[in-house]
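The sequence shown finishes on residue 724 if you use the working numbering, and the numbering steps up by one all the way, no holes. For reference, the structure is listed below as structure tokens.
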Amino acid sequence: MRSLYTCYPSEQLAAWYKPKESDLAESVRSRFREACAALTSVLTGDMGITRAANAHGLCHKRLRTMVNRAPQLAPDGQPYGFRVCVPWGTYQRSEQEGDAEMPRRASPHAMSQLLSARPEIAIWISDFRQPLPPGRPPKSFDRLHAKIVAELKRLDLRDFYPLNQADQGRRALLRFIRQRRIDHADVGNLDTADAPPSTLSGIFRGVPFARTEIDGHRIDIEAVLGVALPNGGSIKRQITSLWLLVEIEVESRAIVGWILRVGRAYNNLDLAACLTKSLQPWKRRELTIPGLEYAPGAGLPSGSLGTNSSWRSRLLALDNAKAHSALDFEQAFCRARGGMLFYGRAHEPRSRPIVEQFFSRLERGALRDVPGGFEPAKRLGENKIRISNFAPNDYPIQLHAFEELLDVIIANYNATPHTALGDLSPLQYLQMQGPKAFAFMPDKAEEDASDMSSVLVPLTVHGNRNEGVMPHVNYMYVRYRSTDLDYKWELVGKTVLARVSRHDLRSFVLMRTATAPLCAVRAAAPWNRTPHDETTRALIMQWSKLRTGFSITGVDCAIAAYVAFLRALAPTSQQAVDQLARMEQVHNGAPPSSRPPVINAPMKVPPGGWISLDDENDF
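What follows is the structure, encoded as structure tokens:
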């Protein structure tokens with residue numbers, strides 16, 4: 106058999122340096138012998154890489170690296186030889202005899218050689234007891250490093266390691282101290298009982314709905330949107346990104362709620378909308394995609410657990426993204442959703458493993474087969490790998506149809522057997538558990554769902570009696586007024602509370618107190634026709650302030666004018682394409698309809714004043 110690598114005679118291999126087994130830890134000596142045997146069989150031509158790796162229980166990638174490195178010359182002028190067979194971090198160097206020399210270059214164990222040559226520096230490092238958490242080290246470590254550098258400069262050792270390095274050995278010193286603390290950590294007696302729980306999450310561990318995890322995921326799809334132009338015809342433009350927000354229950358792996366958003370990022374209103382979905386009873390959609398069906402027993406817990414459909418988690422785990430820590434979201438959560446918010450570190454998936462693992466399964470199992478699906482690059486400088494066999498330009502995305510697909514995938518996932526649950530589906534697992542003691546099951550899910558998308562804000566009443574300006578309030582660049590406020594000049598200058606529905610800003614309710622209503626006010630034209638949320642209004646005002654040819658002055662409906670402006674700007678603006686896709690997705694695939702204002706229509710206002718039940722019969 107002809108080997109792909111250079112073959113060496115056995116006598117030459119025997120002359121290569123081979124570490125003593127006595128210098129290795131007892132637990133890794135067998136691995137060292139197997140690695141030496143595999144390396145010898147490949148370099149003598151007896152076996153190939155794959156066969157030798159399988160015969161000796163090695164990773165074929167590691168064995169290939171060993172074969173390539175072993176003949177190369179080490180810093181001492183000899184081949185690396187069988188030194189490449191030593192497992193990383195297990196070689197126990199013997200004590201050096203005589204005075205140790207300062208290292209001249211960065212090499213393995215250079216830091217240990219430095220400490221052997223300068224015992225006073227080793228004492229400084231041993232006396233350093235400050236914690237070194239992941240991330241940027243504290244200033245106490247910077248002072249230690251500066252002290253060591255100053256001492257080496259005093260000894261005129263600028264030509265030696267670490268002063269001849271760009272960072273003067275700062276990263277190497279940090280890594281050395283951290284690894285030493287790990288190696289010499291006192292793990293105690295592993296047979297002792299666990300410490301008693303000190304947090305509420307530790308007390309309820311293992312109980313359904315003790316914890317849910319929520320996060321947003323950028324879907325790996327290059328989606329293309331077909332945009333209808335004002336003069337007829339259409340163009341195809343790529344969407345920047347699609348975001349999927351998911352709340353998942355930890356014990357059962359059941360998806361509790363989800364929402365799809367378009368754009369560069371999602372905001373706190375989208376996060377609140379995801380929690381609103383988890384509070385509303387889930388119902389099957391009327392599917393329009395041919396061949397797409399719900400599996401038997403598919404659904405979400407809010408519509409499939411019967412009397413337990415209002416089950417909520419006591420703790421919601423999320424990272425510290427800016428949208429997650431918004432005051433409007435925290436206010437609505439504490440008032441309507443209830444429970445505890447547990448903020449973890451960003452970019453650390455291990456703190457929220459269940460939701461991150463679900464995103465990975467969803468991408469690999471379904472979404473990357475959608476036109477435009479790809480696998481992102483794993484290392485810097487690499488290119489993404491296209492997975493889908495369909496070009497995105499040939500199949501422009503329809504966001505309302507894509508939402509149908511996601512709803513079926515997620516509902517069917519909840520009805521799919523899971524190996525971690527003993528081949529039970531997440532919904533079957535929850536149905537078998539039943540309600541537990543101290544279960545969090547409020548009976549007003551519908552009210553809380555609507556309240557989750559609202560916010561209570563203080564507003565100042567404006568007006569001028571001398572100029573005839575009736576009392577009114579301003580909210581997000583728009584004037585709101587009502588006939589119930591007319592001629593109430595005593596309210597001018599006073600601060601009142603407003604209960605604002607963030608998904609429909611056409612009207613809201615002014616409150617005397619947090620519970621007593623005052624009156625309902627409506628937005629002035631052109632904001633009183635089409636339903637719109639806070640994000641839409643903020644984007645419209647942003648375009649208006651940029652003075653790019655867009656203005657809502659004199660138009661009948663600001664939303665319709667905004668959509669027409671985006672269609673005209675879509676051929677040259679990526680931002681316009683993303684916002685147009687968002688408007689299509691928010692309005693269920695249809696452009697927003699402009700309806701005439703209903704100024705005289707009665708509004709639903711909460712009852713105010715005293716409520717008497719004296720005339721009611723108690724049967």
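Every residue gets a Cβ at the ideal spot worked out from N, C-alpha and C, and that includes glycine.
Asked                                                                                                                                                                                : Found
Assign Phe463 to buried or exposed, taking buried as 16 or more other Cβ atoms, counted over all protein chains shown, within 10 Å of its Cβ.                                        : buried
Short of 6 Å in beta carbon distance, which residues of its chain neighbour Arg358, apart from the five on each side in sequence? Order them along the chain.                        : His523 and Pro531
When DSSP labels each residue in this structure, what does Gln270 get in the three-state scheme?                                                                                     : coil
In whole angstroms, give me the CA-to-CA distance for Val254 and Ala525.                                                                                                             : 53 Å
Near Pro243, what residues of its chain come up, given a Cβ to Cβ distance below 7 Å and the 5 sequence neighbours on each side ignored?                                             : Gln235
Please list, in chain order, all residues of the same chain as Gly162 whose beta carbon is under 7 Å from its beta carbon, the five residues on each side excluded.                  : Glu139
Compare the beta carbon distance of Gly478 and Asp325 with 8 Å and say whether it is the shorter of the two.                                                                         : yes
At a cut of 8 Å, does the region 678-694 reach the region 326-346 through at least three beta carbon pairs?                                                                          : yes
Where does Glu551 land, buried or exposed, given buried means 16+ other C-beta within 10 angstroms?                                                                                  : exposed
Closest to Arg491 by CA distance: which of Leu334, Glu225, Ala328 and Val597 is it?                                                                                                  : Ala328
Are three or more beta carbon pairs between the region 332-340 and the region 657-665 nearer than 8 Å?                                                                               : no
Bridge partners for His322 per DSSP, in chain order?                                                                                                                                 : Leu349
Start and end of the beta strand (DSSP E) containing Ser418?                                                                                                                         : Counting along the chain, Ser418 falls outside any beta strand (DSSP E), and DSSP gives it neither H nor E.
If you measure between the beta carbons of Val757 and Tyr122, is that distance less than 8 Å?                                                                                        : For the chain, the structure presents residues 106 to 724; residue 757 sits outside this window and is missing.
Is Val367 closer than 8 Å to Leu504 when the C-beta atoms are compared?                                                                                                              : yes
Candidates Met216, Arg223 and Ile514: which alpha carbon is nearest Arg259's?                                                                                                        : Arg223
When DSSP labels each residue in this structure, what does Trp648 get in the three-state scheme?                                                                                     : helix
Met207 by DSSP, collapsed to three states: which one?                                                                                                                                : coil
Kindly indicate which three-state DSSP category Trp121 falls into: helix, strand or coil?                                                                                            : coil
What residue range does the alpha helix (DSSP H) around Ala666 cover?                                                                                                                : Ala663 to Leu674
Taking Ile645 as the reference, give the member of Asn372, Met557 and Met581 with the closest Cα.                                                                                    : Met581
Determine the DSSP secondary structure at Cys141, reduced to helix, strand or coil.                                                                                                  : helix
Which of helix, strand or coil does DSSP assign to Thr641?                                                                                                                           : helix
For Ala482, count neighbouring Cβ atoms within 10 angstroms of its own Cβ and tell me buried if that reaches 16, exposed if not.                                                     : exposed
Hey, quick one: how far does the alpha helix (DSSP H) through Asn159 stretch, first residue to last?                                                                                 : Ile154 to His161
For Phe613, which of His577, Gln647 and Leu376 has the nearest alpha-carbon?                                                                                                         : His577
Look at Val189 and Ala175 and say whether their C-beta atoms are less than 8 Å apart.                                                                                                : yes
Might you give, ordered along the chain, the residues of its own chain that have their beta carbon closer than 8 Å to the beta carbon of Leu529, omitting 5 neighbours on each side? : Pro522, His523 and Met537
Which residues bound the beta strand (DSSP E) around Met171?                                                                                                                         : From DSSP, Met171 is part of no beta strand (DSSP E) but of the alpha helix (DSSP H) over His165 to Arg174.
Just to check my reading of the structure: Leu405 and Ile360 have Cβ atoms closer than 8 Å, yes? What is that Cβ distance to the nearest angstrom?                                   : 6 Å
Rounding to the nearest angstrom, what Cα-Cα distance links Ser456 and Arg283 in this structure?                                                                                     : 21 Å
DSSP three-state call for Ile364: helix, strand or coil?                                                                                                                             : strand
Excluding five sequence neighbours on each side, which residues of the same chain lie with their C-beta closer than 8 Å to the C-beta of Ala400?                                     : Ala516, Asn517, Ala520 and Thr521
Please check the pair Ala422 and Glu318, which I expect to be a contact at CB under 8 Å, by giving their CB distance rounded to whole angstroms.                                     : 5 Å
Going by CA-CA distance only, name the one from Phe670, Leu615, Gly444 and Ala554 that's closest to Gln579.                                                                          : First, the amino acid is wrong: residue 579 is Asn here, not Gln. Closest option to Asn579, Cα to Cα, is Leu615.
Classify Met575 as helix, strand or coil using the three-state DSSP reduction.                                                                                                       : strand
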